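Trainee:
Protein chains: 2
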Amino acid sequence: MSNSPATIEDVARIAEVSIATVSRAIHLPEKVAVSTRLKVNQAIALTGYTPNAMARSLRLGKSNMILVVAPDIGDPNFSSILVGLENEARAHGYGVLIGHTQNDAQRGMEYLKFFSSNQAAGMILFTGILPFGHQSMTARLPPTVGVFEPVFNGGIPYVGVDDLEGARKAVELLIAEGHRKIAFIGENRSRLAYSRRRLGCEAGLDAAGIPAASRMVIDGDGTIESGRLAVDQLFLRDTLPTAFMCVNDQTAIGVMLGLTARGYVVPRDFSVTGFDDVPQASFMQPSLTTIRQPRGLIGKHAMTLLLQLLSDTQPEETEILLRPDLVVRNSVGPPPRR
Amino acid sequence: MSNSPATIEDVARIAEVSIATVSRAIHLPEKVAVSTRLKVNQAIALTGYTPNAMARSLRLGKSNMILVVAPDIGDPNFSSILVGLENEARAHGYGVLIGHTQNDAQRGMEYLKFFSSNQAAGMILFTGILPFGHQSMTARLPPTVGVFEPVFNGGIPYVGVDDLEGARKAVELLIAEGHRKIAFIGENRSRLAYSRRRLGCEAGLDAAGIPAASRMVIDGDGTIESGRLAVDQLFLRDTLPTAFMCVNDQTAIGVMLGLTARGYVVPRDFSVTGFDDVPQASFMQPSLTTIRQPRGLIGKHAMTLLLQLLSDTQPEETEILLRPDLVVRNSVGPPPRR
DNA sequence: TGTTAGAATGTAAACCTTTACATAAAAAAT
DNA sequence: ATTTTTTATGTAAAGGTTTACATTCTAACA
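One line per chain: the protein sequences are R and V, in this order.
Going letter by letter, the first sequence gives residues 1 to 338 in the working numbering.
Going letter by letter, the second sequence gives residues 1001 to 1338 in the working numbering.
#1: Under 8 Å between the Cβ atoms of I129 of chain R and T144 of chain R?
#2: Taking a contact to mean a Cβ-Cβ separation below 8 Å, would you say I1019 of chain V touches A1012 of chain V in this structure?
#3: So S57 of chain R contacts chain V; which residues on that side make the cut at Cβ distance below 8 Å?
#4: E1086 of chain V CB to nearest chain R CB: under 8 Å?
#5: CA-CA distance, R1189 of chain V and G1254 of chain V?
#6: Please list the partners that K113 of chain R has in chain V, where partner means a Cβ-to-Cβ separation under 7 Å.
#7: Could you work out which residues of chain V lie near N118 of chain R, taking near to mean beta carbons separated by less than 7 Å?
#8: Does the beta carbon of R303 of chain R come closer than 8 Å to any beta carbon on chain V?
#9: Against Q285 of chain R, what residues of chain V qualify as contacts under a CB-to-CB distance less than 7 Å, listed in chain order?
#10: How about V1171 of chain V and L1205 of chain V: do their beta carbons lie closer than 8 Å?
#11: So, under 8 Å CB-CB, V328 of chain R and P267 of chain R are touching, yes? Tell me the CB distance rounded to an integer number of Å.
#12: Within the segment 129-214 of chain R, note down every full beta strand (DSSP E) run reaching 3 residues or more, in order along the chain.
#13: Check each residue of the segment 1063-1085 of chain V: if its Cβ is closer than 9 Å to any Cβ of chain R, include it; give the result in chain order.
#14: Are there 16 or more other CB atoms within 10 angstroms of the CB of G93 of chain R, so buried, or fewer, so exposed?
#15: Give the interface partners of H92 of chain R over in chain V, defined as CB-CB distance under 7 Å, in chain order.
#16: For T1101 of chain V, I'd like the list of residues in its chain whose CB is within less than 7 Å of its CB, leaving aside the five on either flank, ordered along the chain.
#17: Going by other Cβ atoms of all chains shown within 10 Å of its Cβ, with 16 needed for buried, is A230 of chain R buried or exposed?
#18: What ranges does the beta strand (DSSP E) occupy inside the segment 1236-1324 of chain V, keeping only unbroken runs of at least 3 residues that lie completely in it?
#19: Measure the alpha-carbon distance for V1032 of chain V versus E16 of chain R and round it to whole angstroms.
#20: Which residues in the same chain have their Cβ closer than 7 Å to the Cβ of I1014 of chain V, if we skip the five residues on either side of it in sequence?
#21: List, in chain order, every chain R residue whose beta-carbon is nearer than 9 Å to that of Q1280 of chain V.
#22: In three-state terms, what does DSSP make of V340 of chain R?
#23: In its own chain, which residues sit with a C-beta less than 8 Å from the C-beta of T36 of chain R, not counting the 5 before and 5 after it?
#24: Please check if any C-beta of chain R sits within less than 8 Å of the C-beta of P1294 of chain V.
#25: When you compare the CB of E110 of chain R with every CB in chain V, is at least one pair closer than 8 Å?
#26: At what residues does the alpha helix (DSSP H) containing G108 of chain R begin and finish?
#27: Determine the DSSP secondary structure at A1012 of chain V, reduced to helix, strand or coil.
#28: Let me know if R262 of chain R comes out buried or exposed under the rule of 16 or more other beta-carbons within 10 Å of its beta-carbon.
#29: Whose C-beta lies closer than 6 Å to the C-beta of A1121 of chain V among residues of the same chain, with five residues either side of it excluded?
#30: Over what stretch of residues does the beta strand (DSSP E) that includes V1069 of chain V continue unbroken?
#31: Using 8 Å as the threshold, is the C-beta distance between L322 of chain R and I298 of chain R below it?
#32: On the three-state DSSP scale, how would you describe I1218 of chain V?
#33: Please go through the same chain and pick out, in chain order, the residues whose beta-carbon is closer than 8 Å to the beta-carbon of L1097 of chain V, but skip the five residues on each side of it.
#34: I need the boundaries of the beta strand (DSSP E) containing G1061 of chain V, first residue and last residue.
#35: Using the beta-carbon count (16 or more within 10 Å), is Q135 of chain R buried or exposed?
#36: I'd like the span of the alpha helix (DSSP H) that includes V96 of chain R, first residue to last.
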């Protein structure tokens, strides 16, 4: 064992072939005679040779890193998708690089250096927003797949859950339990996924023939705190809903905390549904009825799609919507008789 | 704008200097005349040149990527530390690469390819276990810093919380509330951090003169489920504790769920403490009294330490223990009068 | 036997930097 | 004015791959 790592030359010398043959033995084994292939493999085993990825990327003009950009690494939705992404990437020899923008466009821009410096080949976007100041650069956009949140600037493939369908399932459950006055606690920062959920809710209410008069909408910002505030706002009104359909679990948790703080008991006094099925949802008291995102699967599909883009295999689908599942727990019951 | 990215040659041509001068203008500006520096900078701005990191790493024999290896990316402890790590890394021009071993040594080995192929310069280890089958390779170990969990194989710098101190604080709170019969719900997979917490607990009990007879220890595996099981095990015994001090929040959550399932009320009937202060802790009913890990800070310090190692600045400290804070919430009260 | 097609291997250039060393120019010293 | 020192720039090699093209070898064919 020498002290510096073995290079392709070391292998070539030991196998008594040229470096070109070694390279071919690795990447196009069928182009090299069986006997030489054997010699090369032995030499590789002997030296413990691993190709230098830097040299490789330089020569190929392509890196084997995927940048994953999320607004917040701490988001409970993030980690399981990341697992799916990482598994799939690793299975194909890719590494996963992470970045978090904290919803700051400036921050997002910083990560572009990974592309201009050739360190990343593609990007997975959690943010729903391209990390670019100017549209002008869109032409040079690296291969990108959106996840969890569709990307505004059209034309970027997206993998996520069918938000409309999921929201419909949730509202249907509430209606089936007998609820008629349903408040939708939404999110106002114009996130596409969230507005789709609202549309799904509307659709469900329409289908059940619920009049507009008994519908309520409060817009928060998708945080626990905004769920609490939404409760306060609703209690200022003349009519209260019997059920809260929340745009995500964070909001739902906030709503439940707000209701509990006012002395109400869920689901006896009010029913609450969430969306996402974050880990916390199952530990709430009562546990939260919600719509599950198949996060691992989303990650896997998104990475597959991206790797297709990278290998110039133009994928047929540009939007993959996975089926959301209703997870029935204990935060929904029939409306109280008043 | 050409279609392929600008290289140092393009810049040199426009600035009418040699590529060496361009390189110097970037990395050793004081070595180049002010007038030329200006020309070069203009040319850089004009072309939008960014140095090709692959070529740079190849030449320098050093990458600017840090591999972060965790047993489980989904661990709520992971993400905030990751934020600290990533912020610090990015501030120094480094990228963060992630890997998750799922407590599988085989998996861990796979990530070593990032080093043998020169794609990563250093490593942050969450696992407490070196991802190596053989000790023999220890000599070739890349610069590594352990985090959250000290690394077994001695000599590896570690940044974490002072587990002893934290555990002492927790047990002191219980004792101050009047508890004498305290059960420690531990973890049996010989994790160093966890065994330190147990020692801290013992030390606190010793200091208070609590006799060995009224101490109980149950070993689980640090999961919610094992917390539940620990409760079941204790209820088989003659004497019950009045308080449960848990090795981590997951276990504490399990304990609380187990107690609730048996119809007990926390903290009226039993007190419970955790360790870590994961996000869930504050949403439990009752909210969990626990010991906070300053996770962002841990990440920041660990990365600083690693970057020092990488720049051959031998750091003086080899173990940085941050001060843990007691977070008093609602899961601890005085013991019931029986 | 002499040609030719096909298979296997080798040679060398290219990918883009950084930097030791050489050279040229300017400033300082004689 | 000449020599020496200092400063600024240029030349060219090296880092480890991949691959187009050239070469050699083998086997098949006439």
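Just so you know, even glycine gets a beta-carbon here, dropped at the ideal spot from N, CA and C.
Owing to the predicted nature of the structure, the values given are computational and were not obtained by experimental measurement.
Mentor: Inspection of the coordinates gives the following:
#1: no
#2: yes
#3: Those are M1054, listed as they occur along chain V.
#4: Taking Cβ atoms only, chain R reaches closer than 8 Å to E1086 of chain V, which makes this a yes.
#5: 18 Å
#6: T1050
#7: N1052, A1053 and M1054
#8: Arg is not the amino acid found at residue 303 of chain R; the sequence shown has Met there. No - not a single Cβ of chain V is within 8 Å of the one on M303 of chain R.
#9: Those within 7 Å of Q285 of chain R in chain V are Q1285.
#10: yes
#11: With a Cβ gap of about 11 Å, V328 of chain R and P267 of chain R do not count as contacting.
#12: 144-147, 158-161 and 182-187
#13: Cβ contacts with chain R: S1063, N1064, M1065, L1067, V1068, D1072, I1073, G1074, D1075, P1076, F1078, S1079, S1080, L1082 and V1083.
#14: exposed
#15: Here the premise fails: no neighbours, minimum Cβ distance about 13 Å.
#16: V1069, P1071, R1107, G1108, T1127 and P1131
#17: Buried, since its Cβ has 16 or more Cβ neighbours within 10 Å.
#18: The segment 1236-1324 of chain V contains these whole beta strand (DSSP E) runs: 1243-1246, 1271-1273, 1290-1292 and 1319-1322.
#19: 47 Å
#20: In the same chain as I1014 of chain V, and ignoring 5 residues on each side of it, the C-beta atoms closer than 7 Å to its own belong to A1043, L1046 and T1047, in chain order.
#21: P279, Q280 and F283
#22: Since the displayed chain R opens at 1 and closes at 338, residue 340 of chain R lies outside it and no answer follows.
#23: A15, V17, T21 and A25
#24: The C-beta of P1294 of chain V comes no closer than 8 Å to any C-beta of chain R.
#25: By this cut-off, E110 of chain R is an interface position.
#26: A105 to E110
#27: helix
#28: exposed
#29: K1062, S1063 and L1310
#30: M1065 to A1070
#31: yes
#32: strand
#33: M1065, I1066, L1067, V1068, F1114, Q1119 and A1120
#34: No beta strand (DSSP E) holds G1061 of chain V; DSSP gives it neither H nor E.
#35: Residue confidence for Q135 of chain R is low, a pLDDT of 45 falling below 50, so the modelled location carries little weight and cannot support an answer.
#36: Premise fails: V96 of chain R lies in the beta strand (DSSP E), G95 to H100, not in any alpha helix (DSSP H).
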